[in-house]
Structures are given as C-alpha cells and as structure tokens.
Amino acid sequence: MNYSLGMGLQKEAFNLGSSYVNKAISGRKLDKIRRYFQIDNFYLLLKIFLILFPFSSGLWVQSTNRDVPSVPVGHPDLYIPLMSVITYILFLAGEMEIKNKFEPEKLGKMATRIFMVDILEMFVIKGASFFFESQDVEILEILGFIGYKYVPILVMKVAGALVGVVLKKIISICLFFSFVVFLGKCLKGFLISGDSVMSVKKKRMYFLFLVVIIEGLVFIGLK
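Everything in the sequence shown is counted per the UniProt record's numbering, starting at 1 for the first residue and increasing by one.
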C-alpha cells in the first residue's frame, strides 16, 4: 500500500515537473531565443555577403521576414554565428587530421578555449555597455555580433589552404578590414538612432569603437 502510494506520488510529481518544463520551454524566454534563429535563405545569403563585402550601401536597407515586424539585415541573429563557429572548429579538426596531429583531447581544449574567449568578450562588452549608455543591448545580441567574426576567419582558413603565402596575406587583410567595416555599420545602425540625444550618441559611438577594437584584436588572435 505504502509502495503504491509512493509510486503514485512520484508519478504525480514527475507529471507536474514535466508540465512545468513544457510551459517553460514554450514560454517567452524560449520564444525570444528562437527569434534569433528564424532566418530565411535570402537573409542568410545577404548577411554572409555583407560580412565579406559590407561596402554596398543599398543592401543595408534590406529586411528579412524572420520576425514580425520584419528585421533589418544589420540586426544580429544567432544562426550564422553558431554555424560558423561549429564549422570553424570542424575545420581545425580537419587540419589536425591532415597533419596527423588529431587528438580528441586537444580538439576539446581548443573548442573550450574558443567558447571561453567568446564568453569573456560577452561579459566585457556587456559590462562596458553600462558606462556608455548602451545597457539596453542584450546578451543574445552581443553574442550575435561577436560571433560573426568566424565567417571571415573561416574563409581565411580555407583560402590559406588553397593559395600561396602572399595571396593569403592579401586576403587576410581584406577580410579583416571588411569585418571591421561590417561590425561598425551593424553597431551604428543598431545603437544610434536619429532621435537620440547628442550626448548619448557620443557615448554610444565610443562604445561602438570599443567593441570594434575588442573584436579586431580577437580576430587577429584567432586567425
């Protein structure tokens, strides 16, 4: 009898727990995260093109139907950063395998270091945002912005495996410059609105430069 009662209570507790988890998963927080992964093919191709060649001003006014209302293409997503960092790690694993130096432990340490650097960047940038009137920038948005650097880094790695040293350096310089311009344009459109007070605009511009400098240094370190 006691055993049956205990099993019944456990089952009821499990059902209550499952119900709570399901509600939490379908709640606002997950919907908020899901929004950053809702992209279409048009947005994907356009965003990658802008990361590699951000000098076409007409393309920056495009928007995507990944959300309602539509979102400007300069706003961050998490799909491209996540896929690019995973591909980057897999590429590093392939390089190690070609050189007969592949070790799961070494790859694990490398991946951990990459993710730890991103987390550190995120906290530094979020902390700095409070000093530059930019505290409304959310953690997920910061992760999106700092994750875009893996796209040009990955292209740089692939190009480096196919071309000579001189051409590799030229491509690296061009991709670095393109990423800096892309990030600056994204942050400017995202942070600085036309109705902002001049003093707020000035502080946010300083914040923009700080983020670009941080990302530029990390970019150089990772390439």
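Cβ atoms here follow ideal geometry from the backbone N, Cα and C, with glycine treated the same way.
Bear in mind the structure is a predicted one, so any value in this text is a computation, not a measurement.
What residue range is occupied by the uninterrupted alpha helix (DSSP H) comprising residue i?
i	result
residue 149	First-last for residue 149: undefined, no H or E at that position.
residue 105	104-129
residue 51	41-52
Label residue i either buried or exposed according to how many other C-beta atoms from any shown protein chain fall within 10 Å of its C-beta, with 16 as the threshold for buried.
i	result
residue 134	buried
residue 167	exposed
residue 118	buried
residue 152	buried
residue 156	buried
residue 158	exposed
residue 25	No answer about residue 25 holds up, because its pLDDT of 46 lies below 50 and its placement is not dependable.
residue 80	buried
residue 132	buried
residue 147	buried
residue 45	exposed
residue 54	buried
residue 21	For residue 21, the predicted structure reports a pLDDT of 44, less than 50, and the residue's modelled location is therefore unreliable. A value from the coordinates is still provided. Flag for residue 21 reads exposed.
Rounded to whole angstroms, how far is the Cβ of residue i from the Cβ of residue j, which I believe are closer than 8 Å?
i	j	result
residue 144	residue 77	6 Å
residue 95	residue 218	At roughly 20 Å, the Cβ-Cβ gap does not stay under 8 Å, so residue 95 and residue 218 are not in contact.
residue 36	residue 73	Going by Cβ atoms, the distance from residue 36 to residue 73 rounds to 14 Å, so no, they are not a contact pair.
residue 51	residue 182	5 Å
residue 150	residue 211	Not quite, the Cβ-Cβ distance comes to about 16 Å (not below 8 Å), so this is no contact.
Classify residue i as helix, strand or coil using the three-state DSSP reduction.
i	result
residue 81	helix
residue 25	Residue placement at residue 25 is flagged as unreliable, the pLDDT there being 46, under the threshold of 50; the coordinate-derived value follows with that caveat. In the structure shown, residue 25 sits in a helix (DSSP, three-state: H, G or I).
residue 68	Because residue 68 sits at a pLDDT of 46, beneath the cut-off of 50, its placement in the model cannot be relied upon, and the point is left open.
residue 201	helix
residue 172	helix
residue 153	helix
residue 132	coil
residue 184	helix
Identify which residue in the options has its Cα closest to the Cα of residue i.
i	options	result
residue 47	219, 165, 186 and 110	186
residue 83	215, 154 and 107	154
residue 216	103, 172, 200 and 203	172
residue 204	220, 136 and 176	136
residue 125	208, 37, 223 and 36	208
residue 223	89, 55, 56 and 127	89
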